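All residue numbers in the sequence shown are consecutive under the UniProt record's numbering, ending with 308.
Backbone N, C-alpha and C define an ideal beta-carbon position, used for all residues, glycine too.
On a predicted model such as this, the values are computed, not experimentally measured, just so you know.
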Amino acid sequence: MAVGVQTDMATPALARFGSHHVKEQFLAPSIAGDFVSCLGVSEPGSGSDVASIQTSAKRDGDDLIINGQKMWITSAFQADWICLLANTLHTSPHTNKTLICVPMDTPGIHLAKRINKIGMLSSDTAQIFFEDVRVPAKNIVGEEGKGFTYQMIQFQEERLAAVALLLSPLNKCIQITIDYTKERQAFGKSILDNQYVHYRLAELETEVECLRALTYRATELYVSGEDVTKLVSMCKLKGGRLVREVTDSCLQFWGGMGFTKEVLVSRYYRDMRLISIGGGADEVMLSIICKYMGILPKHGKKKETTSK
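This is the structure we're talking about:
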């Protein structure tokens with residue numbers, strides 16, 4: 001999780017849109033491993049609804065004064081800087097936001113206690129408060145007001161990377177379950193000898209290979225510069241649902257041992273549940289897919305027409 005935040009969540013926008021100053025001061029040390037980064041988008045009242053964030057950054061000469069709070073921030077206690085999304089302009093919710101690089105040792109940044117999660121325990125997650133935090137305006141990533149657009153682009157790489165990182169753990173979850181059910185005996189034969197068990201494992205591996213093919217296709221198109229929003233959303237949706245299906249099915253075949261913290265399958269069960277929530281919940285992915293299919297209902301009042 002922490003490595004993924006560093007490579008595919010907090011830094012892609014800097015690499016693509018950042019100024020020389022931003023790349024030199026924040027991106028280069030992060031790539032070198034000298035700096036740890038985190039991403040500040042979600043807020044207590046704005047998770048998947050990025051447009052509704054309230055954190056603000058107001059101009060004061062050559063500086064920005066930041067006030068607000070962020071929630072669910074991975075690596076907050078370890079980070080040297082945060083790629084922060086904040087409102088800087090008085091325009092529409094999609095054109096008033098800006099990405100800003102903020103050193104985490106800046107006065108006015110307060111880290112709340114670590115959030116006690118059920119999984120992903122190897123990385124810390126925290127709530128952050130910003131009280132009159134002053135940073136140079138030159139720490140803005142790209143153009144002011146383009147933050148929402150940059151973050152949507154950054155989300156695509158984040159979601160694609162998240163799914164790509166699932167493939168090996170999913171295969172391992174199946175393989176260790178095969179190994180265990182070969183050894184575990186019940187009613188005079190191995191658990192794996194039961195038709196339901198080996199058929200189910202075959203189904204799960206087939207599903208993983210389907211996800212792999214979809215991920216490879218989306219990656220190829222992304223590298224070639226295509227708009228892969230629809231395909232990436234499909235990958236994220238399928239990946240989030242498949243990890244729940246694979247880990248739950250495999251854990252069942254471990255019996256009582258699966259309900260302990262002594263085996264890897266139970267860690268997969270806890271850790272990977274996050275995929276359907278973090279980086280855009282399943283329901284958000286469905287909305288995006290529907291939008292690209294042209295079947296998402298349009299909101300607002302229907303215009304009245306007058307016949308003549």
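When we look at the beta-carbon of Ile275 and count the other beta-carbons within 10 Å, is it buried (16 or more) or exposed? The residue in question, Ile275, is buried, as its Cβ has 16 or more Cβ neighbours within 10 Å.
Pair within 9 Å by beta-carbon distance, Asn87 and Ile109: No, Cβ-Cβ distance for Asn87 and Ile109 is not below 9 Å.
Residue environment, Ala164, which counts as buried when at least 16 other CB atoms sit within 10 Å: Here Ala164 is buried. Its C-beta has 16 or more other C-beta atoms within 10 Å.
Here's the rule I'm using: 16 or more other beta-carbon atoms within 10 Å means buried, otherwise exposed. How should Ile295 be labelled? The residue is exposed, with fewer than 16 neighbouring Cβ atoms inside 10 Å.
With a threshold of 8 Å (Cβ to nearest heavy atom), would Ala218 be considered close to the ligand ADP? This structure lacks the ligand ADP; in fact it carries no ligand of any kind.
Spatially closest choice to Ile174 from Gly4, Gln252, Ser75, by CA coordinates: Measuring from the Cα of Ile174, the nearest candidate turns out to be Gln252.
For the beta strand (DSSP E) holding Ile128, just list the boundary residues, first then last. Looking at the DSSP string, the run of the beta strand (DSSP E) that includes Ile128 is 125 to 136.
Same chain only: Cβ atoms within 6 Å of Glu143, ignoring 5 sequence neighbours per side: The same chain holds no residue with a CB closer than 6 Å to that of Glu143 once the five nearest residues on each side in sequence are set aside.
Would you check if the distance between the CB atom of Leu121 and the CB atom of Ile100 is smaller than 9 Å? Cβ atoms of Leu121 and Ile100: not closer than 9 Å.
Whole-Å CB distance - Val243 paired with Trp254, under 8 Å assumed: Not confirmed; about 16 Å, so no contact.
So Asp132 and Pro103 are in contact, right, with Cβ under 8 Å, and what is the actual spacing, rounded? No, Asp132 and Pro103 are not in contact; Cβ-Cβ is about 15 Å, not under 8 Å.
Contact under 9 Å by Cβ, Tyr268 with Cys290: No. Outside cutoff.
Taking only the alpha-carbon atoms, compute the straight-line gap between Lys70 and Ala2 and give it to the nearest angstrom. So the two alpha carbons sit approximately 17 Å from each other.
Within this structure, are the beta carbons of Ala13 and Ile153 separated by less than 9 Å? Judged by beta-carbon spacing, Ile153 lies within the 9 Å limit of Ala13, meaning their Cβ atoms are closer than that value.
Taking a contact to mean a Cβ-Cβ separation below 9 Å, would you say Leu221 touches Cys235 in this structure? Taking a C-beta distance under 9 Å as the contact criterion, Leu221 and Cys235 do not qualify as a contact pair.
Tell me, please, which residues DSSP counts as bridged to Cys83. Beta bridge pairing from DSSP links Cys83 with Leu39, Cys101.
Pick helix, strand or coil for Thr55, following the three-state DSSP scheme. In the structure shown, Thr55 adopts coil according to DSSP, grouped into three states.
Under 9 Å between the Cβ atoms of Thr11 and Ser37? Contact: yes.
Is the Cβ-Cβ distance between Leu204 and Ala218 less than 9 Å? For the 9 Å CB-CB criterion, Leu204 and Ala218 do not form a contact.
Whose C-alpha, out of Met293, Val246, Leu286, is nearest the C-alpha of Arg270? Distances from the CA of Arg270 to each of Met293, Val246, Leu286 were compared; the closest alpha carbon is that of Val246.
Beta-carbon within less than 8 Å of Ala15's beta-carbon, same chain only, minus the 5 sequence neighbours each way: which residues are those? Here the set comprises Lys23, Leu27.
Beta-carbon spacing of Gly148, Thr95 below 9 Å: The identity of residue 148 in the sequence shown is Phe, whereas the question assumes Gly. Contact flag set, yes.
Check this for me: beta carbons of Lys97 and Gln151, under 9 Å apart or not? For Lys97 and Gln151, yes; Cβs fall inside 9 Å.
Output the distance between the C-alpha atoms of Lys298 and Val284, rounded to the nearest integer angstrom. Taking the straight line joining both Cα atoms gives about 15 Å.
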